[in-house]
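In the numbering used here, the protein residues as written are 10 to 374.
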Amino acid sequence: MNLDFLTRSILGNTLAAYAMAIAVLVVGFLLINGFRALILSSLRRWAKKTQTTLDPRITKILSQSLVRLLYVGNVFLAIGNLNLHPILNQAVRALTVIATTVIGIQLISQLAEYAIRSYLLRKGDIELEQSFSALMPILRAILWAIGAVFLLDNLGFDISAVVASLGIGGLAIAFAAQGILTDLFSYFSIVLDRPFALGDFIIVGDFIGTVEYIGIKTTRLKSLSGEEIVMANTDLTGSRIRNFKHMKRRRIVFSLGVLYETPKEKLEIIPALIQDIISAQEQVSFDRAHFANYGDFSLNYEIVYYVESGDYALYMDTQQKINLAIFEAFSQRNIEFAYPTNVTYVQGLNTNAEKAIAPETATNS
């Protein structure tokens with residue numbers, strides 16, 4: 010059989026060289042598909058032996074990325090046996106670097122997301138997982154920026170010159186985006202440090218409400234009166250925040266005053282009387298009740314107790330029951346509450362009246 014035609018040259022390569030490249034390409038694809046089936050079956054068997062529900066995802070990530078890299082390597086190997094024009098050779102190399110970089114970034118991004126989600130799943134923190142989902146676009150953008158620098162460097166670009174040329178423009182952009190970047194870093198601080206989370210009831214300065222949304226730039230609260238309060242993340246991280254979500258018990262301090270005319274015997278029984286009333290309530294721990302001080306118009310008692318819950322409505326219901334019980338107990342014992350009053354004492358009224366009456370009596374007689 011005459012195979013001399015294989016020695017014919019087309020575009021600088023013999024037909025035999027083209028045939029070899031095609032053979033490498035076909036055999037490589039067949040081997041890769043076989044390897045793909047083998048690795049998939051191995052990963053599935055491994056996944057069945059573990060407890061996490063995210064294992065099917067990692068098998069998909071690894072198989073897809075590895076197979077893509079093998080495909081790129083196979084094409085590069087097949088074309089590498091050919092004698093190409095320098096420009097075409099450079100183009101093939103550039104495309105290989107680009108494809109490898111893109112696949113590598115996708116692999117790193119997906120593996121990082123898988124690792125973090127696995128950790129959050131084991132921890133069972135749904136709120137943190139929601140915050141992480143909002144952060145993922147930013148993390149991907151950072152990875153792609155690093156990948157772009159790596160790609161330009163491998164393509165022969167002078168990275169330092171590119172950075173220097175962008176210096177003035179980057180500085181202008183940085184000044185323009187200063188507020189946005191500040192809010193962004195504040196968002197990172199909120200997500201990682203977690204001074205509050207979705208559903209928390211918080212007080213920030215003069216604003217009170219429930220956290221409904223945590224965004225990259227702003228956080229939204231729903232106030233007690235129903236309106237939505239939009240606050241910049243920078244304002245939140247720079248303020249003192251009172252978070253009531255983790256309150257397990259609430260300390261209550263209140264006072265009441267009785268009249269100065271109240272007898273000493275009744276003053277002495279008031280602390281024990283109040284203690285009995287408070288101790289009779291549910292989910293309440295009595296602390297103390299004392300005759301605290303002398304006021305301008307009242308004898309003041311200070312009372313301290315704890316509600317064993319952070320529920321504000323429960324606290325108000327309990328305080329109402331205590332107030333009504335104290336009112337009833339005081340009424341039964343004729344103990345009067347004090348309130349601001351003014352008493353005017355007039356001296357010498359009888360003497361003046363006698364002086365006014367005396368002349369009149371003398372005249373009549």
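Ideal Cβ positions, reconstructed from N, Cα and C, are used throughout, including at glycine.
Near residue i, which residues of its chain fall below 7 Å by C-beta distance, leaving aside the five closest residues on each side in sequence?
| i | result |
| --- | --- |
| I155 | none |
| I287 | V293, F295, Y314 and I331 |
| I41 | V76, L79, Y80 and N83 |
| T105 | V81 and F85 |
| H299 | P280, Y310 and E311 |
Just the Cα atoms here: how many angstroms apart are residue i and residue j?
| i | j | result |
| --- | --- | --- |
| V239 | I114 | 36 Å |
| A87 | F38 | 11 Å |
| G208 | R45 | 46 Å |
| L63 | K69 | Confidence at L63 is low in this model, with a pLDDT of 49, below 50, so its placement is unreliable and the value that follows should be read with caution. Between L63 and K69, the C-alpha separation is close to 10 Å. |
| I112 | L78 | 7 Å |
| V116 | A124 | Going by the sequence as given, residue 116 is Leu instead of Val. Approximately 12 Å between the Cα atoms of the pair. |
| R102 | G89 | 9 Å |
| D162 | I107 | 11 Å |
| L230 | I217 | 8 Å |
| L276 | I211 | 40 Å |
| I48 | S72 | 7 Å |
| I225 | P95 | 48 Å |
| T228 | F166 | 42 Å |
| I199 | I223 | 9 Å |
| Q284 | F306 | 24 Å |
| T271 | I344 | 7 Å |
| L323 | R251 | 19 Å |
| E236 | T219 | 11 Å |
| I366 | Q356 | Only weak support exists for where I366 lies, its pLDDT of 48 falling under 50; the value from the coordinates is given anyway. Roughly 18 Å separates the two Cα atoms. |
Starting from the C-beta of residue i, find all residues in its chain whose C-beta is less than 6 Å away, skip the five residues before and the five after it, and write them out in chain order.
| i | result |
| --- | --- |
| G342 | Position check: residue 342 holds Arg in this sequence, whereas Gly was assumed. For R342, where only same-chain residues beyond five positions count, there are no Cβ hits under 6 Å. |
| S195 | N242, T243 and T246 |
| R258 | Y315 and E317 |
| T191 | T243 |
Between which two residues does the beta strand (DSSP E) carrying residue i extend?
| i | result |
| --- | --- |
| E221 | F216 to I223 |
| L245 | Unbroken run through L245 is the alpha helix (DSSP H), N242 to T246; no beta strand (DSSP E). |
| L265 | R259 to V267 |
How is the alpha helix (DSSP H) around residue i delimited, first residue to last?
| i | result |
| --- | --- |
| D326 | Y321 to Q341 |
| S288 | K273 to S288 |
| N92 | Here N92 belongs to no alpha helix (DSSP H), and DSSP marks it neither H nor E. |
For residue i, does the three-state DSSP call read helix, strand or coil?
| i | result |
| --- | --- |
| Y354 | coil |
| F159 | helix |
| D296 | strand |
| Y315 | strand |
| L233 | coil |
| Y27 | helix |
| G165 | coil |
| G37 | helix |
| F194 | helix |
| F253 | coil |
| I199 | helix |
| Y348 | coil |
| F85 | helix |
| L308 | strand |
| F210 | strand |
| L63 | Low local confidence applies: a pLDDT of 49 at L63 is under 50, so the model's placement there is unreliable, and no value is given. |
| E291 | coil |
| A367 | Unreliable positioning characterises A367 in this predicted model, as indicated by a pLDDT of 49, which lies under 50. A coordinate reading is not provided. |
Residues in the same chain with beta-carbon distance under 8 Å from residue i, minus the five sequence neighbours each way, listed in chain order, please.
| i | result |
| --- | --- |
| L265 | N309, Y310, I312, I335 and F346 |
| V33 | N83, L86, A87 and N90 |
| M29 | N90 |
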